[in-house]
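Chemist: Following this note's numbering, the numbering of the sequence shown begins with 6 at its first residue and continues without gaps.
Idealized CB from N, CA, C, for every residue including glycine.
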Amino acid sequence: MLSTAYMKHLFDQTTLDCSKLITERYSTSFTLGIKTLDKKFRLPIYAIYGFVRYADEIVDTFYEFDQKYLLEKFIKDTYEAIETGISLNPVLHSFQLIVNKYHIEHELINAFLHSMEMDLYKQEYTDEKYEEYIYGSAEVVGLMCLRIFCEGNSEMFDHLKDGARSLGAAFQKVNFLRDLKSDYVDRGRVYFPGVDFTQFTKESKQQIEADIQADFDAAYVAIKQLPRSARMGVYLAYVYYLTLFNKIKETPATRIQEERIRVPDFQKMTLLAKTYVQFRFTEI
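(1) Quickly, what does DSSP pair E29 with across the bridge? List them, please.
(2) If F35 and A242 are in contact, beta carbons under 8 Å, what's the gap, nearest whole angstrom?
(3) Which of the three DSSP states, helix, strand or coil, is assigned to V195?
(4) What do you reckon, are the CB atoms on A224 and S171 nearer than 8 Å?
(5) Where does the unbroken alpha helix (DSSP H) through Q262 begin, and where does it stop?
(6) Of the choices L249, P198, E136, Q101, whose alpha-carbon is the least far from that of L21?
(7) For A219, does the count of other Cβ atoms within 10 angstroms reach 16, so buried, or fall short, so exposed?
(8) From the DSSP output, which residues share a beta bridge with E129?
(9) Could you pull out every residue in the same chain whose Cβ sits closer than 7 Å to the Cβ of L176, ignoring the five residues on either side in sequence?
(10) According to DSSP, simplified to helix, strand and coil, what is G147?
(11) Just to confirm my understanding: we take G38, look at its own chain, exclude 5 residues before and 5 after, and list those with CB closer than 6 Å. What are they?
(12) What's the C-alpha gap between S159 and S234?
(13) Excluding sequence positions up to five away, which residues of its chain have a Cβ less than 6 Å from the Cβ of C23?
(14) Can you check whether the CB of V179 is closer than 8 Å to the CB of I228?
(15) For the alpha helix (DSSP H) that contains S159, what are its first and last residues?
(16) Are the CB atoms of D276 and T248 nearer to each other than 8 Å?
(17) Tell me the rounded alpha-carbon separation between H164 and F154.
(18) Give me the Cα-Cα distance between D184 and E264, rounded to the nearest whole angstrom.
(19) Taking 8 Å as the threshold (C-beta atoms), are F181 and V146 in contact?
(20) Run through the segment 31-80 for me and flag every whole alpha helix (DSSP H) of 4 or more residues, listed as ranges in chain order.
(21) Is the shortest distance between the beta-carbon of S99 and the beta-carbons of chain B less than 8 Å?
(22) With distance defined between alpha-carbon atoms, name the residue in L26, F271, K273, V200 nearest to Q262.
(23) Quick one: grab the DSSP three-state call for L231.
(24) Among S120, E88, M121, whose alpha-carbon lies nearest the alpha-carbon of H108?
(25) For the alpha helix (DSSP H) containing V96, name the first residue and the last one.
(26) Note down, in chain order, each residue of its chain lying with its Cβ closer than 8 Å to the Cβ of K45, except the 5 sequence neighbours on either side.
(27) For D222 and E137, I'd like the C-alpha separation in whole angstroms.
(28) To the nearest angstrom, report how far apart V285 and T41 are at their CA atoms.
(29) Here's the rule: buried if 16 or more other CB atoms are within 10 angstroms of the residue's CB, otherwise exposed. What is R152?
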């Protein structure tokens, strides 16, 4: 007869594998990045991604359902899982394992879930609301991942946290530019303060791009100081998003209004190979 300890381990492992599967299904770019992390970090980061992906799906996809109810239940079940140390929802169980193991602050989780609540309502974003949303939806995710990479080293975390926030912000803002049409047409959202989708000009686009470039520059300084066991995976995600960003910069504002710009999978694999060579033979 198998021991209860073994069966609990099997349950934990199965839920972590569920979050891994979610990441692989939803994002080839993040999957590639995670696979280049040290093995000890992979399942924890999959757990973070699975949690934020499913919360995002509630507010971005499930329009034929009561999204407010679904999100409220997700939030309630999240806190219950963290408090009790167990959930029969595999995404929430794997997430609470990582939250409790790495002592991820509840303030980060609160901020993330608050930004998901903001997405339930169509609104024009002021500068203050925009910064609030970016912090909760993206910067805190960078901070959760940094908690894992630092493995309890609070001094390192404090030193690198501003860079982690900048990287999360850069990723999110690039997503906003990439998804400008679908956010406006399908969801009635324009996140950038003072931007009218119907009058999206070259000047508006360039102003947004300057802000994003500053985030990328600040993030790169921090990436170079990450533990080597985490650096390549984070750097690969940085390179992928920077490539997407540069492609968007080369695209006229009118075309951004009409289509979703993307990096093809074959180019992602090329970026992976180049990044590996660069990481192996030079200092990032």
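Modeler: According to the structure data:
(1) Paired residues: none, contrary to the question.
(2) 7 Å
(3) strand
(4) yes
(5) Counting along the chain, Q262 falls outside any alpha helix (DSSP H), and DSSP gives it neither H nor E.
(6) Q101
(7) exposed
(8) V195
(9) The displayed chain sequence assigns Phe, not Leu, to residue 176. Excluding residues within five positions, the ones whose Cβ falls inside 7 Å are A143, Y246.
(10) helix
(11) G238, L241, A242
(12) 17 Å
(13) P95
(14) no
(15) 159-183
(16) The residue you asked about is not Asp; residue 276 is Leu in the sequence shown. Contact: yes.
(17) 13 Å
(18) 8 Å
(19) no
(20) 33-40, 44-65
(21) The chain labelled as chain B is not found in the depicted structure, where only one protein chain is given.
(22) V200
(23) coil
(24) E88
(25) 95-107
(26) S234
(27) 21 Å
(28) In the sequence as presented, Val is not what sits at residue 285; that position holds Arg. Their Cα atoms are separated by approximately 12 Å.
(29) buried
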